[in-house]
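Have a look at the structure below, then the notes.
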Amino acid sequence: MLFGLKLVNSKKISSAMLKNLDKFFSKLLEKDSYSIKFDNDNFKVKINYKSIFKVIKNLKDNEKLKFSQLIDLTAVDYTDRPIRFSLVYILLSIEFNSRIILTADIEEDESVDSITTLFPSANWYEREAWDLFGISFT
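So the sequence shown is residues 133 to 270, counted in this note's numbering.
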């Protein structure tokens, strides 16, 4: 106990969260359509951009995950790759003290499902992605 706060074992939490995430994604998506890893105290998941809304909605609503806060949404421009852009969504589960970084590659002329119905604050981030990268959200 430190300053009246009970310390928790982060390895235990991350191990349980990894099991929950693995089970979650295996039920939601096809096996070869995602990859999960744990790096620098963050869960990193690569998904298909067509699954973004479904994945984020379920991450938010799932009782064992509760990723209820959108921390950031941005894009990265890889000019030397055939699929030029990578969308990056960072969500936080306050209850389980976990972050998840979702990435999805997207081509220049594709549009992505908006998540503003799930997180109204995403509106600002989505407009910024449009202004800076030309990525449209529907």
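The beta carbon of each residue, even a glycine, is placed where N, CA and C say it ideally should be.
Nearest-angstrom Cα separation, counted from Thr-206 out to Glu-260: Taking the first residue of the sequence shown as 1, we reach residue 260 at position 128. Taking the first residue of the sequence shown as 1, we reach residue 206 at position 74. Their backbone Cα atoms lie some 8 Å apart in a straight line.
Buried or exposed by the 16-neighbour rule on C-beta atoms within 10 Å, applied to Ser-183: Taking the sequence shown and counting its residues from 1, one reaches residue 183 at position 51. With 16 or more other Cβ atoms inside 10 Å of its own Cβ, Ser-183 counts as buried.
Ile-232 classed as buried or exposed, judged by whether at least 16 other C-beta atoms fall within 10 angstroms: The residue given as residue 232 occupies position 100 in the sequence shown. Ile-232 should be labelled buried.
Three-pair Cβ contact test at 8 Å for the segment 170-188 versus the segment 220-238: A contact exists between the segment 170-188 and the segment 220-238.
Own chain residues within Cβ distance below 7 Å of Lys-265, not counting five before or after: Against the sequence shown, residue 265 aligns to sequence position 133. Here residue 265 turns out to be Phe, not Lys, going by the sequence shown. Beyond the five residues adjoining it in sequence on each side, Phe-265 comes within less than 7 Å, by CB distance, of Ala-207, Asp-209, Phe-217 in the same chain, given in chain order.
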